[in-house]
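Going by this note's numbering, the sequence shown runs without a break in its numbering and finishes at 290.
Note that beta-carbon positions come from the ideal geometry of N, C-alpha and C, so glycine has one too.
These numbers come from a predicted model, not from an experiment.
Everything below concerns the one structure shown next.
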Amino acid sequence: MNSRNELNPLNELKYCNRAFITLTHSLNKLIHLNQSNMDKQPVFISIANQKGGIGKSTYTIFTASLLHYRMGYRVLVADCDYPQWSIARQRERDLDVMESSERLKQQMMTQYKQTGQKVWPVLETQPSNTLADVSNYIRQEEVPDVVLVDFPGTIGTKGVLGLMACMDYLFVPVRADKTVLESSITFARTINEGIIARKSSPLKSVSMFWTMLDRRERTPLYEHYEQVIRHFGLSLMRSRLPMRSRFSRESDGNGGIFRSTLFAADRSFTVDSGMDDFLAELCAIAKLE
Numbered sequence: 002m003n004s005r006n007e008l009n010p011l012n013e014l015k016y017c018n019r020a021f022i023t024l025t026h027s028l029n030k031l032i033h034l035n036q037s038n039m040d041k042q043p044v045f046i047s048i049a050n051q052k053g054g055i056g057k058s059t060y061t062i063f064t065a066s067l068l069h070y071r072m073g074y075r076v077l078v079a080d081c082d083y084p085q086w087s088i089a090r091q092r093e094r095d096l097d098v099m100e101s102s103e104r105l106k107q108q109m110m111t112q113y114k115q116t117g118q119k120v121w122p123v124l125e126t127q128p129s130n131t132l133a134d135v136s137n138y139i140r141q142e143e144v145p146d147v148v149l150v151d152f153p154g155t156i157g158t159k160g161v162l163g164l165m166a167c168m169d170y171l172f173v174p175v176r177a178d179k180t181v182l183e184s185s186i187t188f189a190r191t192i193n194e195g196i197i198a199r200k201s202s203p204l205k206s207v208s209m210f211w212t213m214l215d216r217r218e219r220t221p222l223y224e225h226y227e228q229v230i231r232h233f234g235l236s237l238m239r240s241r242l243p244m245r246s247r248f249s250r251e252s253d254g255n256g257g258i259f260r261s262t263l264f265a266a267d268r269s270f271t272v273d274s275g276m277d278d279f280l281a282e283l284c285a286i287a288k289l290e
């Protein structure tokens, strides 16, 4: 909570005021984007938190692949997690593995025949350049149904708050850890009170959800934490994602498909892990048709 790159409740307004300097420029870009020759505007979504190690990039990959390959939405991922660009790097690893696996090549051909979907594109970008990069992509390629934005692990990074204000929906993963919970609540309150309450940006809602759920934990512990979350007027999704090692398992060309930028995860895993329920709730909140 004391890191220079994390927000302290006493500094919320200061950070939000700085963000709106960036927001003004970002909204101008968004307006230009929306006036491009489009019949339908993309929905901007992010799974974000100011705490690292909470799984935001992992859940972004699962969400992108399920929306794109299984549900048929055209998805564009903007990887703003500079300088590691973890999603873009995984795409490179996934392609390398597929190149040496005849089974995955055949699976890719089958997936394309069944869905007509090519692999979802990923842009390596930075928060201050993201809307311009998305706009350039749309002018040169196609209009996506959904733009998923993967942010850096700190909102102190230049342009992050301004870009978050230009999202349509934010989803905040949180786990039952006092430090993580405090930081996540501070983050969500900053967005709620500093951006949404001003009603001057496209951002419509911030929804928190439990992740890394340890089913051995006492139920009253979660009930207590949920009371704290609701005390601050924050929204909490019904979906709960348990702790599963397969969330971080990339394909090696053998066995099942779990975290992949090229394929939707195996249905048996997405049911057991709660990803199907999470995605259904996300689609309802984001009003994806």
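Exercise. Examine the Cβ distances between the stretch 263-270 and the stretch 42-54 and report whether three or more of them are shorter than 8 Å.
Key: No contact exists between the stretch 263-270 and the stretch 42-54.
Quiz item: Among Leu162, Asp97, Ala177, Asp169, which has the Cα closest to the Cα of phenylalanine 188?
Solution: Checked all of Leu162, Asp97, Ala177, Asp169; the closest Cα to phenylalanine 188 is Leu162.
Quiz prompt | Exposure label - methionine 238; buried when at least 16 CB within 10 Å | solution = Within 10 angstroms of the beta-carbon of methionine 238 lie 16 or more other beta-carbons, which makes it buried.
Exercise. Could you say if the stretch 57-65 and the stretch 142-161 meet the contact criterion of at least three C-beta pairs nearer than 8 Å?
Key: Enough Cβ pairs lie closer than 8 Å, so yes.
Quiz prompt | glutamate 125, enclosing beta strand (DSSP E) - first and last residue | solution = Residues 123-125.
Quiz item: Under a three-way DSSP split, which group does tyrosine 60 fall into?
Solution: Of the three classes helix, strand and coil, the one that applies to tyrosine 60 here is helix, per DSSP.
Practice problem: Assuming serine 269 contacts leucine 105 (C-beta within less than 8 Å), just tell me the rounded distance between them. | Solution: Contact doesn't hold; Cβ gap of about 18 Å is too wide.
Quiz item: Anyone know if the C-beta pair for arginine 190 and phenylalanine 233 falls short of 7 Å?
Solution: At the C-beta level, arginine 190 and phenylalanine 233 come within 7 Å of one another.
Quiz item: Out of curiosity, what's the CA-to-CA distance linking glycine 275 and leucine 242?
Solution: Roughly 5 Å separates the two Cα atoms.
Quiz item: Within 10 angstroms of its Cβ, does proline 10 collect 16 or more other Cβ (buried), or is it exposed?
Solution: Caution is warranted here: a pLDDT of 38 is assigned to proline 10, below 50, making its placement in the model unreliable, and the coordinate value is therefore given only provisionally. Around the beta carbon of proline 10, fewer than 16 other beta carbons lie within 10 angstroms, which makes this residue exposed.
Quiz item: Where do the ends of the beta strand (DSSP E) carrying aspartate 273 lie?
Solution: It is not in any beta strand (DSSP E) - aspartate 273 instead sits in the alpha helix (DSSP H) that spans 268-273.
Quiz item: Residue range of the alpha helix (DSSP H) that phenylalanine 188 falls in?
Solution: Under the DSSP assignment, phenylalanine 188 falls in the alpha helix (DSSP H) whose first and last residues are 179-195.
Quiz item: CB-CB under 7 Å to glutamate 224, same chain, minus the five flanking residues each way: which ones, in chain order?
Solution: Within the same chain, glutamate 224 has no close Cβ partners at all.
Quiz prompt | Spatial distance of cysteine 81 from proline 122 (CA atoms) | solution = Roughly 14 Å between the two C-alpha positions.
Practice problem: Within its chain, find whatever has a CB closer than 6 Å to the CB of alanine 65; leave out the 5 residues flanking it on each side and keep chain order. | Solution: Val76, Val78, Trp121, Leu149, listed in sequence order.
Quiz item: According to the neighbour-count rule (16 or more other Cβ atoms, all chains shown, within 10 Å of its Cβ), is threonine 131 buried or exposed?
Solution: Its Cβ being crowded by 16 or more others within 10 Å, threonine 131 is buried.
Practice problem: Measure the C-alpha to C-alpha separation of lysine 119 and leucine 67 and round it to an integer number of angstroms. | Solution: One C-alpha to the other measures close to 13 Å.
Exercise. Measure the alpha-carbon distance for aspartate 146 versus lysine 288 and round it to whole angstroms.
Key: For aspartate 146 and lysine 288, the distance between alpha carbons rounds to 12 Å.
Self-check item: phenylalanine 210: first and last residue of the uninterrupted beta strand (DSSP E) it sits in
Solution: Judged by DSSP secondary structure, phenylalanine 210 falls within the beta strand (DSSP E) whose first and last residues are 206-214.
Quiz item: Can you tell me the Cα-Cα spacing of glutamate 93 and isoleucine 230, whole angstroms?
Solution: When rounded, the distance between both Cα atoms is 38 Å.
Quiz item: Under a Cβ-count criterion, where at least 16 other Cβ atoms within 10 Å of its own Cβ denotes burial, should valine 272 be classed as buried or exposed?
Solution: With a threshold of 16 other beta carbon atoms within 10 Å, valine 272 falls short and is exposed.
Quiz item: Do methionine 209 and leucine 235 have their C-beta atoms closer together than 7 Å?
Solution: It is a contact, given that the beta carbons lie within the stated cut-off.
Quiz item: Quick one, which of Met168, Trp211, Lys200 has its alpha-carbon nearest isoleucine 186's?
Solution: Closest by alpha carbon: Trp211.
Practice problem: If I'm right that glycine 160 touches serine 129 with Cβ under 8 Å, what's the distance once you round it to whole angstroms? | Solution: Correct: roughly 3 Å between the Cβ atoms.
Quiz item: Of the residues Val98, Leu96, Ala89, which one's Cα is nearest the Cα of glutamate 125?
Solution: Nearest option by C-alpha distance: Ala89.
Quiz item: Where asparagine 193 and lysine 179 are concerned, what is the direct C-alpha to C-alpha distance, given to the nearest angstrom?
Solution: In a straight line, the C-alpha of asparagine 193 is about 21 Å away from that of lysine 179.
Quiz item: Rounded to a whole number of angstroms, what is the C-alpha to C-alpha distance between threonine 25 and methionine 168?
Solution: With a pLDDT of 47 at threonine 25, under the threshold of 50, the modelled position of this residue cannot be trusted; read the value that follows with caution. Taking C-alpha positions only, threonine 25 is separated from methionine 168 by approximately 14 Å.
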